[in-house]
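I have placed the structure first, in the form of structure tokens, so that the comments after it can refer back to it.
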Amino acid sequence: MKAGVKLPDVTFHTRVRDEAVEGPNPFRWEDKTTADYFAGKRVVLFSLPGAFTPTCSTYQLPGFENGFADFQAEGIDAIYCMSVNDSFVMNKWAEAQNLKNVGVIPDGSGEFTRKMGMLVAKDNLGFGNRSWRYAAIINDGVVEAWFEEPGLCDNHGEDPYGVSSPETVLKHLKDAKAEVAA
């Protein structure tokens with residue numbers, strides 16, 4: 001669907017650990033751009049409705065985290081999880097999930113998600129605007145492959161999951177590699 005699309009230029013307001021900052025919260029603000037995350041790399045980006053939510057925390061994020069070596073073997077340099085949550089929430093979720101391999105990107109205002117056409121209302125769940133669940137293979141800032149859950153709409157009654165799963169994305173990478181080798 002979105003293969004060939006260049007990612008939008010967005011600035012993400014992140015919090016990064018800095019031991020020079022004293023006290024119980026040793027973090028400082030650091031703005032990062034789309035280019036900082038995606039330029040010159042082949043990455044998997046997956047986006048989901050919210051940190052700490054059941055499907056995201058139980059299946060999608062752990063699947064990408066635990067499968068990182070398999071993705072590297074298929075030519076992936078990094079895996080990023082994005083959500084329309086602020087950096088404080090994303091960092092706490094990364095800590096709670098004990099992430100070592102997947103980086104988190106806070107799209108707090110939903111600007112990137114909106115520009116990708118994936119911002120939906122989740123008012124039926126009390127969430128406000130959030131990301132529709134999707135994954136993508138991004139090569140140097142351009143969408144190489146797109147995996148969008150069916151039914152994109154505001155206030156969807158369900159949270160479809162499968163098309164954007166780590167297993168589906170990894171299978172695509174392996175199948176594409178086998179096609180090139182054949």
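Just so you know, we're using the working numbering here: the sequence shown kicks off at 1 and counts up by one. Where a beta carbon is used, it is the ideal one built from N, C-alpha and C, also for glycine. Keep in mind it's a predicted model, so treat the numbers as computed, not measured.
Here the alpha carbon of Met90 sits roughly 7 angstroms from the alpha carbon of Ala51. For Ser87, the enclosing alpha helix (DSSP H) has its first and last residue at 87-96. Nearest to Leu7 by alpha-carbon distance, out of Asn129, Lys177, Thr113, is Thr113.
Under DSSP, Lys6 shares a beta bridge with Val142. Scanning Trp132, Asn98, Glu111 for the CA closest to the CA of Ala121 turns up Trp132. A direct Cα-Cα distance of roughly 24 angstroms separates Asn124 from Ser87.
Distance from the CA of Gly162 to the CA of Gly63, rounded to the nearest whole angstrom, comes to 12 angstroms. Rounded to the nearest angstrom, the gap between the Cα atoms of Ala182 and His172 is 15 angstroms. Between Thr55 and Asp31, the C-beta spacing is not below 8 angstroms. Every beta strand (DSSP E) of 3 residues or more that sits fully in the segment 93-129 is shown, in chain order, as 102-106, 119-121.
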